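In our numbering, the protein residues as written are 1253 to 1673. So the structure is just underneath, and the comments pick up after that.
Printed below as a string of structure tokens:
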């Protein structure tokens, strides 16, 4: 909805953020952890990754968050520095970053917040994220269970690109030899074990955070929202990392927990997909406000409180934009997709010679191994999903999404149907 053409663009200081909107409802606002909106890396005059993590984010770009314990972009998990409010000197977190950031959140709840005001705290933890590095204790617990069970769609032999961290001796299993299938399997298994161990660290720390909320006597009026920004392919479909429209990458958790007075229907699962763009209007709605503006997300606060039925929607828009970092040239293609409760339809930049259109029935084929787009019995579904996708692109003023896939000017492309055989 902001027509940002690529990663690496700095947030405008004039932008109205979630922090601004909830602060306007009388809440104290706090931000702890990774910020990803200031460095302007990869564009003219931008910062390198290492420079970004050691550069304080000025108050003009912290956008509505009064209490600040954050850092820009990326740190090493055992060498993390953060900045406190307007202090220009970086402070080092002790131990693993995940433990340290949760400790800062506990400290805020116990010692820093104003007990007479409601608060809105964002805790942005980098893990699980490459390079996969967990505490020895959590990694030991995961490794004792044995190697990960291969997924049906995992194809390590088809991997054509290994991210830089796979070539580092400091990785969980050392450096990969791409020509040796046993080396690829060994490093892949070790990386996934470390990935799961990082998730276990988050789980343990979430328990600690919940205990703190209870001990502070605020559990009856506190809402906890848990989500991630992406998953990990781990060799599925011969791919590593994220940035692809497969479920392992885009099918992320969103859990809302709280007392029955705030969240009705404990254990209820939404039957329609929810998108991150829904968070702004939903959280502002839960705080008693109205998001306003030109935001495209859906306000789900009434549904969460049990005051309105689950909203209907045609599907959610998924996307990946181009990279601007020169060492990330393997992310040189854009894609757009739409996901409903049953189907996913995607249009991908054609970098490998494969056809870019994909249609999957996620109920019958959760591992997305059977592309239905060319099957005559599914042509009506494909056309309908294509129409829904292009409608969403028009609604969000997305005027650059499909050109690489269709080879046509975009406004012609979005009115086209997938070609028939």
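In this text, a Cβ means the ideal position worked out from N, Cα and C, and glycines have one as well. These numbers come from a predicted model, not from an experiment.
- Cβ-Cβ separation between residue 1612 and residue 1595: approximately 7 Å, consistent with a contact (criterion under 8 Å).
- Beta bridge pairing from DSSP links residue 1331 with 1328.
- Proximity of the segment 1259-1279 to the segment 1349-1365 falls short of the contact definition, fewer than three beta-carbon pairs being nearer than 8 Å.
- DSSP links residue 1320 through a beta bridge to 1283.
- Within the segment 1337-1379, the complete beta strand (DSSP E) segments of 3 residues or longer fall at 1371-1376, listed in chain order.
- Residue 1285 and residue 1317 do not touch by the CB rule: their CB atoms are close to 11 Å apart, not below 8 Å.
- Contact between the segment 1357-1366 and the segment 1335-1349 is not established, with fewer than three Cβ pairs separated by less than 8 Å.
- The closest CA to that of residue 1499, considering only 1510, 1476, 1525, 1514, is found on 1525.
- Look at residue 1516 here: in three-state DSSP terms it is coil, with no helix or strand label.
- In this structure, the alpha-carbon of residue 1627 lies about 35 Å from that of residue 1436.
- The Cβ neighbour count for residue 1600, taken over all protein chains shown within 10 Å, is at least 16; the residue is labelled buried.
- One thing to note: residue 1324 has its Cβ no nearer than 7 Å to the Cβ of residue 1302.
- Listed in chain order, the non-local C-beta contacts of residue 1489 below 7 Å within the same chain comprise 1405, 1407, 1498, local neighbours out to five positions each way being set aside.
- Taking 8 Å as the upper bound for CB-CB distance, residue 1380 and residue 1512 are not in contact here, some 31 Å apart.
- Contact between the segment 1304-1315 and the segment 1369-1377 is absent: fewer than three C-beta pairs spanning the two stretches fall below 8 Å.
- Under the 10 Å beta carbon count, residue 1279 is surrounded by 16 or more other beta carbons and is classified as buried.
- In summary, residue 1479 is exposed, with fewer than 16 beta-carbon neighbours lying within 10 Å of its beta-carbon over all protein chains present.
- Secondary structure note for residue 1509: its beta strand (DSSP E) is the uninterrupted segment 1506-1509.
- Of 1473, 1639, 1445, the smallest CA-CA separation from residue 1396 is found for 1445.
- Boundaries of the beta strand (DSSP E) harbouring residue 1610: 1609-1613, taken from the DSSP string.
- The DSSP-derived three-state label of residue 1571 is strand.
- Distance from residue 1382 to residue 1415 at the Cβ level is roughly 6 Å; contact confirmed, criterion being Cβ atoms closer than 8 Å.
- Residue burial is scored here from C-beta neighbours: residue 1274 has at least 16 other C-beta atoms within 10 angstroms and is therefore classed as buried.
- Taking the Cα positions, residue 1418 is about 6 Å away from residue 1427.
- Boundaries of the alpha helix (DSSP H) harbouring residue 1451: 1433-1467, taken from the DSSP string.
- Contact between residue 1519 and residue 1558 is ruled out by a C-beta separation of about 13 Å, above the 8 Å threshold.
- Listed in chain order, the non-local C-beta contacts of residue 1546 below 6 Å within the same chain number zero, local neighbours out to five positions each way being set aside.
- Closest in alpha carbon position to residue 1400, among 1438, 1591, 1384, is 1438.
- Separation of residue 1468 and residue 1461 (C-alpha to C-alpha, rounded to the nearest whole angstrom) is 11 Å.
- DSSP places residue 1312 in the helix class (H, G or I) of the three-state scheme.
- With contacts defined as CB atoms closer than 7 Å, residue 1610 and residue 1622 fail to qualify as a contacting pair.
- As the crow flies, the alpha-carbon of residue 1267 is around 20 Å from that of residue 1337.
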